[in-house]
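Protein chains in written order, with the numbering used here: chain U, 13 to 336; chain V, 13 to 336. For every residue, glycine included, the Cβ atom is placed at its ideal position computed from N, Cα and C. Worksheet: one structure, shown below.
There are 2 protein chains.
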Amino acid sequence: MKQLTIGIDIGGTNTVIGVVDADGNILVKGGIDTPSHGDINRYVKDMSEAIRDLIKSVTMVNPEVEILGIGIGAPNGNYYSGTIEYAPNLSFKGVVHLVDLLKAQFPEYQHIALTNDANAAALGEMIYGGAKDMKDFVMYTLGTGVGSGLVVNGDLVYGHDGFAGECGHTTLIPDGRVCGCGGLGHLEAYCSAPGMKRTAFELMVKYNATDSLLAGKSFIDMESKDIYDAAVKGDKLALEVFEITGKYLGQGLADTVHHLSPEAIFLFGGPTAAGDYIFKPAKESMETHLLPIFKNKVKILPSQLKTGDAPIVGASALVWKEKR
Amino acid sequence: MKQLTIGIDIGGTNTVIGVVDADGNILVKGGIDTPSHGDINRYVKDMSEAIRDLIKSVTMVNPEVEILGIGIGAPNGNYYSGTIEYAPNLSFKGVVHLVDLLKAQFPEYQHIALTNDANAAALGEMIYGGAKDMKDFVMYTLGTGVGSGLVVNGDLVYGHDGFAGECGHTTLIPDGRVCGCGGLGHLEAYCSAPGMKRTAFELMVKYNATDSLLAGKSFIDMESKDIYDAAVKGDKLALEVFEITGKYLGQGLADTVHHLSPEAIFLFGGPTAAGDYIFKPAKESMETHLLPIFKNKVKILPSQLKTGDAPIVGASALVWKEKR
Chain U
13 MKQLTIGIDI GGTNTVIGVV DADGNILVKG GIDTPSHGDI NRYVKDMSEA
63 IRDLIKSVTM VNPEVEILGI GIGAPNGNYY SGTIEYAPNL SFKGVVHLVD
113 LLKAQFPEYQ HIALTNDANA AALGEMIYGG AKDMKDFVMY TLGTGVGSGL
163 VVNGDLVYGH DGFAGECGHT TLIPDGRVCG CGGLGHLEAY CSAPGMKRTA
213 FELMVKYNAT DSLLAGKSFI DMESKDIYDA AVKGDKLALE VFEITGKYLG
263 QGLADTVHHL SPEAIFLFGG PTAAGDYIFK PAKESMETHL LPIFKNKVKI
313 LPSQLKTGDA PIVGASALVW KEKR
Chain V
13 MKQLTIGIDI GGTNTVIGVV DADGNILVKG GIDTPSHGDI NRYVKDMSEA
63 IRDLIKSVTM VNPEVEILGI GIGAPNGNYY SGTIEYAPNL SFKGVVHLVD
113 LLKAQFPEYQ HIALTNDANA AALGEMIYGG AKDMKDFVMY TLGTGVGSGL
163 VVNGDLVYGH DGFAGECGHT TLIPDGRVCG CGGLGHLEAY CSAPGMKRTA
213 FELMVKYNAT DSLLAGKSFI DMESKDIYDA AVKGDKLALE VFEITGKYLG
263 QGLADTVHHL SPEAIFLFGG PTAAGDYIFK PAKESMETHL LPIFKNKVKI
313 LPSQLKTGDA PIVGASALVW KEKR
């Protein structure tokens with residue numbers, strides 16, 4: 013009997029569903045769109061149908077499978093209550109009891125659980141990725157925002173209310189840049205993809221850098237990929253963006269080390285594709301900020317999860333983790 | 013049979029030893045001085061004698077007692093290895109295997125354990141104090157330095173190497189004040205007792221405040237108690253010191269909440285005796301820095317441990333915690 017899990021990634025635009033094996037491979041993938049489902053009951057019904065269709069497509073090939081449960085990653089997902097609470101980018105508002113609703117649809121599954129995207133990514137790293145043998149590590153996800161998942165003594169840190177691990181909203185620069193959340197000077201405002209873009213424009217302003225390869229892009233059009241491409245071509249300004257982003261990130265990572273002293277911090281997401289451009293200054297800056305007792309002890313590692321698959325695979329890890 | 017524990021607080025000057033009951037009362041107290049014991053073996057021998065003397069003095073009054081073990085709080089104390097590692101203020105250098113040495117002296121005790129002072133304080137709060145019913149909370153100890161102990165899911169966070177919980181060394185102000193550890197802009201450089209003094213002098217410089225009640229004290233003589241006394245008398249500058257210290261502290265506490273989402277943060281130590289002078293601005297500042305999802309959820313509470321006894325009582329809590 014081959015054991016499989018369902019992983020679901022709920023985003024503002026799409027809800028992607030995959031059937032995942034014990035090694036983190038996605039056997040089949042499907043999805044529904046999220047925003048047209050303002051009505052949560054219709055959303056759950058359509059999602060459940062999509063899940064059943066995917067399971068059918070798997071059992072048609074191999075009838076000898078057992079589905080262990082469903083893991084869901086969602087913005088503002090609360091593991092304790094199984095709810096999504098006031099997620100700013102989702103069309104259903106307030107507190108949505110998604111796990112309860114899915115349990116009504118799938119009473120045969122013992123494990124149906126939900127957490128936020130970054131926690132799911134951390135679990136993915138622990139179950140399938142580079143943290144298999146680690147008890148204490150941290151995951152930072154860098155993208156449109158910056159999320160984090162903290163693992164202490166082999167378990168995710170959920171905090172008293174289920175919402176722990178929002179390191180993207182620690183303060184790097186008092187009264188600094190306005191963050192997406194309205195706060196000032198948060199790590200996310202410097203180290204997310206849009207944060208890197210803001211740094212690029214800040215430097216263009218500083219140097220009046222009409223000669224930069226980035227100078228022809230509008231504020232709305234520039235992406236972190238553009239900064240990477242320019243850096244590869246030797247563009248000084250683009251290279252400095254990575255230096256500065258790494259410096260900011262290292263300061264934040266040091267704060268996390270001073271809290272938790274993890275064995276490693278994994279970095280995941282678009283900006284990390286730049287490799288040493290970001291890892292090197294981040295490591296240097298982290299070491300500069302650390303107490304002697306922590307220096308040269310904590311690894312900064314690229315996530316081993318595949319970029320596109322990670323949200324589903326991470327979500328599915330919830331089921332394996334619960335089953336342990 | 014009355015069950016008792018031994019709590020030991022190792023400081024740079026004195027090593028204080030107490031016999032502690034299940035309610036956190038110290039029955040008898042004794043000690044030896046630390047610095048004259050550069051030789052660790054002599055230190056352990058003298059400490060062991062002092063422990064035996066104290067136990068004797070208890071059993072003389074009540075022969076029906078059982079000693080469960082020994083808990084030790086020490087700077088740079090490592091719970092995992094039972095060692096004190098490179099403690100800057102202690103006379104024995106390098107890595108000292110204190111737990112092993114004490115086990116050789118007291119083979120009859122199952123529980124002999126060691127951790128750093130702030131972790132011990134957090135355990136004390138959990139076993140005897142205000143955190144008895146909490147699973148997720150944080151302890152900040154404000155004194156000459158700033159220490160912290162983090163409790164997640166009912167257990168202390170030790171990290172991969174045993175040294176987690178150094179929140180006093182998170183960065184509040186990039187390239188800010190020089191911290192005792194050599195780092196820049198750390199929380200400890202602003203929110204410790206000496207940090208408050210530095211803020212007082214900063215403000216005297218800013219306002220040329222010869223009219224402040226604090227203006228007659230030298231930099232070496234001023235203590236945080238002086239700032240409190242001046243504040244009580246309505247001294248504007250002293251009141252602003254508390255406002256600013258609270259503001260800094262609140263920023264740091266918010267960073268901790270964004271990591272761990274604790275139910276409460278306990279504050280312990282000299283500066284917290286100022287009550288609302290420090291708690292009010294700290295709370296306001298923390299709330300300002302928090303994501304909406306965390307606002308008005310996390311309590312800031314005064315520690316319920318008695319100031320003088322806390323280090324011993326906290327250390328003894330290690331034994332009760334291990335026994336659970």
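Between V150 (chain V) and L199 (chain V), the C-beta spacing is not below 8 Å. If you draw a straight line from the Cα of M59 (chain V) to the Cα of V190 (chain V), it comes to about 36 Å. Per DSSP, reduced to three states, the secondary structure at K311 (chain U) is strand.
For V190 (chain U), no beta strand (DSSP E) encloses it, and the DSSP letter there is neither H nor E. When the Cα atoms are used, P283 (chain V) and A125 (chain U) turn out to be separated by approximately 44 Å. When 9 Å is used as the limit between beta carbons, N165 (chain V) is near these residues of chain U: V164, N165, D167, V169 and Y170, in chain order. Y170 (chain U) and E275 (chain U) have their C-alpha atoms spaced approximately 19 Å apart.
Interface with chain V (8 Å Cβ-Cβ cutoff): S93 (chain U) is excluded. N26 (chain U) is bridged by DSSP to U:D45.
Neighbours of E275 (chain U) across chain V, judged by C-beta separation under 7 Å: H172. Contacts between H109 (chain V) and chain U, judged by CB atoms closer than 7 Å, are missing: the closest CB pair is about 17 Å apart. Per DSSP, M151 (chain U) lies in no alpha helix (DSSP H); the unbroken beta strand (DSSP E) holding it starts and ends at F149 to L154. By the Cβ neighbour-count rule, Y289 (chain V) is buried, with 16 or more other Cβ atoms within 10 Å of its own. Taking CB atoms only, D148 (chain U) has a neighbour in chain V less than 8 Å away. Nearest Cα to S160 (chain V) within the set V:G246, V:N88 and V:E76: V:N88.
Taking 8 Å as the cut-off, the beta carbon of T156 (chain V) is found closer than this to the beta carbon of S204 (chain V).
Within chain U, no residue has its CB atom less than 8 Å from the CB of T153 (chain V), the nearest being about 15 Å off. DSSP places H271 (chain V) inside the alpha helix (DSSP H), whose first and last residues are K248 to L272.
Under the 8 Å criterion on CB atoms, T284 (chain U) is classed as non-interfacial with respect to chain V. Against chain U, a Cβ distance below 9 Å from G106 (chain V) picks out nothing, because the smallest value is about 13 Å. Minimum Cα-Cα distance from T27 (chain V) among the listed residues V:I277, V:A133 and V:P323 corresponds to V:P323. The Cβ atoms of G326 (chain U) and A132 (chain U) lie closer than 8 Å to each other.
Residue contact check for F175 (chain U) against chain V: a CB pair falls below 8 Å. Under the 8 Å Cβ criterion, the stretch 55-70 of chain U counts as touching the stretch 34-44 of chain U, having at least three qualifying pairs. Rounded to whole angstroms, M216 (chain V) and Y260 (chain V) show a C-alpha spacing of 18 Å. Inter-residue distance for W332 (chain V) and I312 (chain V) is about 25 Å (C-alpha atoms, whole angstroms). Of all C-beta pairs linking the stretch 170-181 of chain V to the stretch 293-307 of chain U, three or more are shorter than 8 Å, placing the two stretches in contact. The beta carbon of P87 (chain V) does not come within 8 Å of any beta carbon belonging to chain U, so the residue lies off that interface.
Going by beta carbons, V32 (chain U) and T46 (chain U) fall outside the 8 Å limit.
The continuous alpha helix (DSSP H) containing E200 (chain U) extends over residues E200 to C203. Taking C-beta atoms as the reference points, G197 (chain V) and G188 (chain V) count as a pair closer than 8 Å. A straight line joining the alpha-carbon of A143 (chain U) with that of E137 (chain U) spans about 5 Å.
For G136 (chain V), the uninterrupted alpha helix (DSSP H) run begins and ends at D129 to I139, by DSSP.
Around the C-beta of T268 (chain V), 16 or more other C-beta atoms lie within 10 Å, and the residue is accordingly described as buried. At a beta-carbon threshold of 7 Å, the residues of chain V lying near D267 (chain U) are T182, T183 and D267, ordered along the chain.
Residues of the stretch 185-198 of chain V with a C-beta atom less than 7 Å from some C-beta of chain U are I185, P186, C193 and G195, listed in chain order.
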